[in-house]
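Accompanying notes for the structure given below.
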Amino acid sequence: MIPIRRFYGRGDDIGKEDQQWLDSFVNASKGRRTVVGPGDKIPIPEIETLVVASDGKLLDTAVQDGGPNPLCATAEDKVAARPENQRMVGMLLTFGRFKFLALIDLDWEKEMELVCPINKLGRVTVYQTSRHGSFGDAGSPAMLGAIRPQVVVMNNGPRKGMGQADATKSNNPPGKTVAAYEENTYLRLTSTPGLEGVWQSHLSLLDPDPHHNTAENMIANMEDTADCKGNWIKASVAPDGKFTVTNGRNGFSKTYVVH
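If you number the sequence shown the way the working numbering does, the last residue is 262 and the count never jumps.
Okay, here's the thing in structure tokens:
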């Protein structure tokens, strides 16, 4: 339904349980496929599109405003997620001073490698949450504190991502004490210095507490029904450093200025 001129992605290393998806992709992209690795740039006019992660490998040098990350000294380590999540293609898109980071399903362990001991990503303007905002094994405070996004877009579902059991206190190891803000995705995000707004694809129906979700006018879809409209969240970025985020459900928008 959507014509695609070129496919950019990782290589063919994949588990048997996911082979059918790779086969489908290889067939669809035949003759139009480019395998990318960390440090590669995808040619898009006026935008620098930098691959920061692919096939389990990560960017080995810091971007211009990257540097030592003092948050690493007290950062928690977690076990690796399933291999497929570690093989994600993560992207950093730059348009003037505007920077957009999307690490897709990259897990806590790989995030930490990107920002510790050196923050290789620098600060970003908009961060699309990893793992749909399921911050049990992503969204480490050391990573969020390093990239310090102005705006976060939560690509969650009504029952996927934020609000899942792996991001709640009930999943903490026995005897472990966790700061209150770390028990919930939204609270963890809003504790990040410099954050100006969180936008959500869906209200979390797993945890609909209004204190654990963003403001209603910044949520694109409020319920899970058979006739879900799939309302969007759009960011319109201007060359002068201003960008406007709009909610497709209600037309509510807010304009920000890149730091």
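Glycine is no exception: its CB is placed at the ideal position from the N, C-alpha and C atoms.
For the candidate residues the options, whose alpha-carbon lies nearest to that of residue i?
| i | options | result |
| --- | --- | --- |
| S133 | L124, R126, S143, G125 | S143 |
| P71 | G40, D58, M115 | M115 |
| A241 | G233, E20, V261 | V261 |
| G197 | D227, E219, T128 | T128 |
| N187 | W24, L206, S207, G166 | G166 |
| E219 | D43, R126, N250 | N250 |
| A65 | K237, C119, P211 | C119 |
| Q131 | I5, K237, M4 | K237 |
| A69 | L117, L206, R35 | Sequence inspection shows Gly at residue 69; the Ala mentioned does not correspond to that position. The candidate whose alpha carbon is nearest that of G69 is L117. |
Look at the alpha carbon of residue i and the alpha carbon of residue j, and state the distance between them as a whole number of angstroms.
| i | j | result |
| --- | --- | --- |
| T258 | F246 | 6 Å |
| K33 | L96 | 26 Å |
| P48 | S137 | 33 Å |
| M221 | P161 | 15 Å |
| G40 | D58 | 7 Å |
| Q67 | N122 | 11 Å |
| L192 | W235 | 21 Å |
| I45 | Q89 | 21 Å |
| A84 | S27 | 24 Å |
| V201 | E20 | 35 Å |
| S239 | F103 | 12 Å |
| P87 | G12 | Here residue 87 is Glu; the residue named in the question, Pro, does not match the sequence. So the two alpha carbons sit approximately 13 Å from each other. |
| Q23 | D16 | 13 Å |
| S173 | D243 | Its pLDDT being 47, under 50, S173 is placed unreliably in this model, and the value from its coordinates should be taken loosely. About 46 Å. |
| A183 | H215 | In this prediction, A183 has a pLDDT of 49, which is less than 50 and means its spatial position is unreliable; nothing more can be read from the coordinates. |
| A56 | G254 | 34 Å |
| F101 | G233 | 26 Å |
| D210 | M157 | 14 Å |
| V29 | D212 | 42 Å |
| L147 | P6 | 35 Å |
| W111 | L74 | 15 Å |
Answer yes or no: do residue i and residue j have a C-beta to C-beta separation smaller than 8 Å?
| i | j | result |
| --- | --- | --- |
| T217 | R151 | no |
| I60 | D140 | Residue 60 is actually Lys in this sequence, not Ile. Their beta carbons are not under 8 Å apart, which means K60 does not touch D140 by this criterion. |
| D63 | M91 | no |
| E199 | V248 | no |
| N224 | S204 | yes |
| L190 | A149 | no |
| A31 | A78 | no |
| L208 | D230 | no |
| G93 | A105 | yes |
| K163 | H135 | yes |
| T37 | R9 | yes |
Between which two residues does the beta strand (DSSP E) holding residue i run?
| i | result |
| --- | --- |
| A145 | Element bounds for A145: not the beta strand (DSSP E) but the alpha helix (DSSP H), 144-150. |
| M157 | 154-157 |
| Q131 | 129-131 |
| V29 | Looking at the DSSP string, V29 is not in any beta strand (DSSP E); the run it does join, the alpha helix (DSSP H), is 22-31. |
| R36 | 36-38 |
| G93 | 93-98 |
Would the beta-carbon of residue i be found less than 7 Å away from any heavy atom of the ligand SAM?
| i | result |
| --- | --- |
| L147 | Of ligands this structure carries none, so the ligand SAM is not represented either. |
Starting from residue i, trace the alpha helix (DSSP H) in both directions and tell me its first and last residue.
| i | result |
| --- | --- |
| Q203 | Counting along the chain, Q203 falls outside any alpha helix (DSSP H), though it belongs to the beta strand (DSSP E) covering 200-205. |
| F138 | No alpha helix (DSSP H) holds F138; DSSP gives it neither H nor E. |
| V118 | 111-118 |
| E87 | 86-89 |
| T195 | Run containing T195: none; DSSP gives neither H nor E here. |
Open item on the list: I want to know whether the region 45-57 touches the region 93-107 - three or more CB-CB distances under 8 Å.
Closed with: yes
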